[in-house]
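K.L.:
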Amino acid sequence: MDSRTMPSPEELEKMLEKAKKEAEAALAKLTPEQRAEAEMRAKKLMEEDAAAMRELVESASKLSAGAAPKAARECPHCLAPVGSGRVCEYCGSPLED
Ligand SMILES: [Zn+2]
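In the working numbering, the protein residues as written are 26 to 122.
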């Protein structure tokens with residue numbers, strides 16, 4: 026680790042303390058309404074993060090489910106899902122295979 030570019034834990038703590046004080050000072054200047062709105066916005070951002078994370082997990086599990094071998098066939102003509110028949114029951118096209 027490079028001590029010339031990386032702040033020491035003490036420096037980091039000072040920086041965090043300073044940022045916290047600045048944030049508190051900024052909040053103190055706001056009206057109660059503005060403060061409530063800022064807090065609400067921060068909360069919403071966190072909730073959106075959680076929702077995005079859930080979506081990511083869901084799409085990942087859907088992808089892995091879709092990767093499972095499935096015997097579904099599509100009509101080459103109308104792309105309707107077809108069963109095991111020799112003719113598409115939607116458009117009547119003959120099905121190969
Ligand atoms: Zn068809």
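No residue lacks a Cβ here, since even glycine has one placed at the ideal position from N, Cα and C. If you're wondering where the values come from, they're calculated on a predicted model, not measured in any experiment.
Taking C-beta to C-beta, are L70 and R60 nearer than 7 Å?
P.N.:
Position 45 of the sequence shown, counting from 1, holds the residue named residue 70. Position 35 of the sequence shown, counting from 1, holds the residue named residue 60. Not closer than 7 Å, so no.
K.L.:
In angstroms with no decimal places, state the Cα-to-Cα distance between A90 and A77.
P.N.:
Position 65 of the sequence shown, counted from the start, is the residue given in the question as residue 90. Position 52 of the sequence shown, counted from the start, is the residue given in the question as residue 77. So the two alpha carbons sit approximately 20 Å from each other.
K.L.:
Could you please go through the chain and list the residues whose beta-carbon is closer than 6 Å to any non-hydrogen atom of ligand 1?
P.N.:
Checking every Cβ against the heavy atoms of ligand 1 under 6 Å gives C100, H102, C103, A105, C113, Y115, C116 and S118.
K.L.:
Measure how close the beta-carbons of R40 and P34 come, nearest whole angstrom, since I'm counting them as under 8 Å.
P.N.:
As a position in the sequence shown, residue 40 is number 15, starting the count at 1. As a position in the sequence shown, residue 34 is number 9, starting the count at 1. According to the sequence provided, residue 40 is Met. The question's Arg does not apply to it. The Cβ separation is near 11 Å, so there is no contact.
K.L.:
How would you call V82, buried or exposed, if buried means at least 16 neighbouring beta carbons within 10 angstroms?
P.N.:
The residue labelled residue 82 in the question sits at position 57 within the sequence shown. Classification of V82: exposed, given that the 10 Å Cβ count is below 16.
K.L.:
Report the three-state DSSP secondary structure of P34 (helix, strand or coil).
P.N.:
Within the sequence shown, residue 34 is the residue found at index 9, counting from 1. In this structure, P34 counts as helix in the three-state DSSP scheme.
K.L.:
Starting from the C-beta of A44, find all residues in its chain whose C-beta is less than 6 Å away, skip the five residues before and the five after it, and write them out in chain order.
P.N.:
Here residue 44 refers to the residue found at position 19 of the sequence shown. Contacts found: none.
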